[in-house]
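Contents: one structure, followed by commentary.
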Amino acid sequence: MPPAVPSFIISSSSSAHLTRKSSTSPEYETQDIKTSRPDLSPLKSWLYCLRKNAYRIGPRRLLMTKPALKQSPREPLPTPALDNSSIRNSYTIGRGETGVLTFEPYKSLILPFWAFRTVDIARNSAEVLWGIFESYCERGDFVGADMTRKFIQMGMTRSRRYANHKGGRKYAKDGKVLDKWTEDDATGQRAEKEEASRIFKEYWQRCTRDESYKKLKDTWSAEQKAVERRRPSRPAAPDTVKR
Numbered sequence: 001m002p003p004a005v006p007s008f009i010i011s012s013s014s015s016a017h018l019t020r021k022s023s024t025s026p027e028y029e030t031q032d033i034k035t036s037r038p039d040l041s042p043l044k045s046w047l048y049c050l051r052k053n054a055y056r057i058g059p060r061r062l063l064m065t066k067p068a069l070k071q072s073p074r075e076p077l078p079t080p081a082l083d084n085s086s087i088r089n090s091y092t093i094g095r096g097e098t099g100v101l102t103f104e105p106y107k108s109l110i111l112p113f114w115a116f117r118t119v120d121i122a123r124n125s126a127e128v129l130w131g132i133f134e135s136y137c138e139r140g141d142f143v144g145a146d147m148t149r150k151f152i153q154m155g156m157t158r159s160r161r162y163a164n165h166k167g168g169r170k171y172a173k174d175g176k177v178l179d180k181w182t183e184d185d186a187t188g189q190r191a192e193k194e195e196a197s198r199i200f201k202e203y204w205q206r207c208t209r210d211e212s213y214k215k216l217k218d219t220w221s222a223e224q225k226a227v228e229r230r231r232p233s234r235p236a237a238p239d240t241v242k243r
């Protein structure tokens with residue numbers, strides 16, 4: 001349900017000022033919204049400004065607009081690992097989606113295309129990420145392909161987490177077990193997150209079965225073993241035990 005509409009004072013000039021009447025409602029902030037609008041009644045004026053500037057009002061949006069779907073990148077994403085050996089050699093596959101939100105610059109390159117709020121958004125995001133994955137494989141960038149695979153896998157696991165627990169968390173900060181979905185929610189938000197998880201899972205399986213990806217992974221793993229052999233071994237720790 002959208003939040004209750006607050007009472008705003010709207011001036012009749014071309015610059016509409018949306019101001020809280022009560023200081024006890026901190027979730028709406030004072031905003032100066034400049035518009036070139038005709039002379040309208042207070043209600044129509046408020047609706048006009050709200051439609052034009054809803055994204056600027058307070059920390060929460062007042063209109064529950066349909067989120068925009070992700071668009072595929074106009075140009076192929078950069079391949080930093082192919083141009084910088086230090087980036088390539090510092091990457092680790094790890095377990096599951098390890099490092100997906102920490103390994104730069106790939107995290108910042110791929111993250112804007114990742115989303116799973118609804119089934120349509122999840123399907124759109126998975127398709128866009130799959131295109132990015134294929135692009136990295138075609139150009140021989142294993143690090144980019146594997147990071148994209150991790151984002152797809154994270155879409156699967158995060159959606160599943162939200163399907164199992166309200167708010168996506170099993171435990172609160174104090175250690176208490178949070179509420180699970182009720183039977184009434186089985187056909188609502190829970191089912192939606194389950195379907196989103198299933199969509200991402202299909203694309204994740206396609207990634208892991210992709211022949212180009214598997215060849216790049218084998219080549220990269222062999223290179224990393226060679227790099228490890230060339231690195232000087234660490235000197236043994238001095239014997240500090242008193243005899």
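UniProt numbering puts the first residue of the sequence shown at 1, with every later residue one more than the last. Each residue gets a CB set at the ideal place from its N, CA and C atoms; glycine is no exception. Note that the coordinates shown come from a computational prediction; the quantities given were computed from them, not determined experimentally.
I need the DSSP call for residue i, collapsed to helix, strand or coil.
i           : result
Ala222      : helix
His17       : Because the pLDDT of His17 is 42, which lies under 50, any placement of that residue in the model is unreliable, and the question is left without a value.
Phe103      : coil
Arg229      : helix
Glu211      : helix
residue 325 : Coverage of the chain is limited to positions 1 through 243, which leaves residue 325 absent and any answer about it impossible.
Ser159      : helix
Arg139      : coil
Glu194      : helix
Gly96       : coil
Arg74       : coil
Arg69       : Residue 69 is actually Leu in this sequence, not Arg. Looking at Leu69 - three-state DSSP - the assignment turns out to be coil, as it is neither helix nor strand.
Which one of the options has the shortest CA to CA distance from residue i?
i      : options                        : result
Gln205 : Pro105, Asn164, Ala126, Pro78  : Ala126
Arg209 : Arg158, Ile110, Phe133         : Phe133
Tyr136 : Arg190, Pro76, Lys214, Glu192  : Pro76
Glu202 : Gly99, Tyr91, Thr157, Ser72    : Thr157
Thr148 : Glu138, Tyr106, Gln189, Gln224 : Tyr106
Tyr162 : Ser85, Arg139, Gln189, Glu223  : Gln189
Thr219 : Leu69, Asn89, Ala68            : Asn89
Gly144 : Ala81, Arg95, Glu97            : Ala81
Between residue i and residue j, is the Cβ-Cβ spacing less than 9 Å?
i      : j      : result
Asp146 : Ile93  : yes
Arg123 : Ile199 : yes
Trp114 : Gly155 : yes
Phe151 : Ile121 : no
Glu194 : Arg160 : yes
Tyr213 : Phe103 : no
Val119 : Ala196 : yes
Gly96  : Gln153 : yes
Please report whether the beta-carbon of residue i lies at a distance below 9 Å from any beta-carbon of chain C.
i      : result
Lys201 : No chain C appears in the structure shown, which is made up of a single protein chain.
At 4 residues or longer, and completely inside the stretch 103–128: list those alpha helix (DSSP H) runs for me, N to C. If we require 4 residues or more, the alpha helix (DSSP H) runs fully inside the stretch 103–128 come out as 106–110.
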